[in-house]
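Working notes, beginning with the structure itself.
In my numbering, the protein residues as written are 361 to 491.
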């Protein structure tokens, strides 16, 4: 007949925990955007000098070529597979450790990081290019 009123225990929100969750969420969203949609780049060399100067910044759209193929004259951004200036890892341990080499300045083991390269498409499949 008589019902006891249930008291809901309200948890006091910890401000520090709220900030930490918000920062973690923002970090995850930023990494997803950077890795899969757009990314900013800085031009390090003069290889694209008529179009892009040293120190120029640009924003690359990583989704464009999922739907279309690059055409002649397009500027594309891609990972350069390996740095030819550094020793290349052997296949047998590269699958476990990844590309690793000894840095010549610090003499510490260093993992090779893929470098982004910004270039213009000059040849298409089937084209012959002479230099």
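Just so you know, even glycine gets a beta-carbon here, dropped at the ideal spot from N, CA and C.
Keep in mind it's a predicted model, so treat the numbers as computed, not measured.
For residue 481, no alpha helix (DSSP H) segment is defined, and its DSSP state is neither H nor E. In this structure, DSSP gives residue 374 a state outside helix and strand, which the three-state scheme calls coil. In the DSSP annotation of this structure, the continuous segment of the alpha helix (DSSP H) that includes residue 424 starts and ends at 424-427.
As DSSP reads the structure, residue 389 sits in no beta bridge.
Distance check between residue 411 and each of 382, 434 and 386 places 434 closest, using alpha-carbon atoms only. Across the set 479, 388 and 420, the C-alpha of 479 shows the shortest separation from the C-alpha of residue 409. Collapsing the DSSP output to three states places residue 383 in a helix. Note that the stretch 396-405 does not touch the stretch 374-383; fewer than 3 beta-carbon pairs, one per stretch, sit closer than 8 Å. Per DSSP, residue 435 is one residue of the beta strand (DSSP E) stretching across 435-440.
Closest by C-alpha distance to residue 481, out of 425, 386, 401 and 468, is 425.
C-alpha of residue 389 to C-alpha of residue 382: approximately 11 Å in a straight line. Residue 488 and residue 439 have their C-alpha atoms spaced approximately 24 Å apart. Closest in C-alpha terms to residue 416, from the list 422, 406 and 423, comes 406. C-alpha of residue 413 to C-alpha of residue 374: approximately 49 Å in a straight line.
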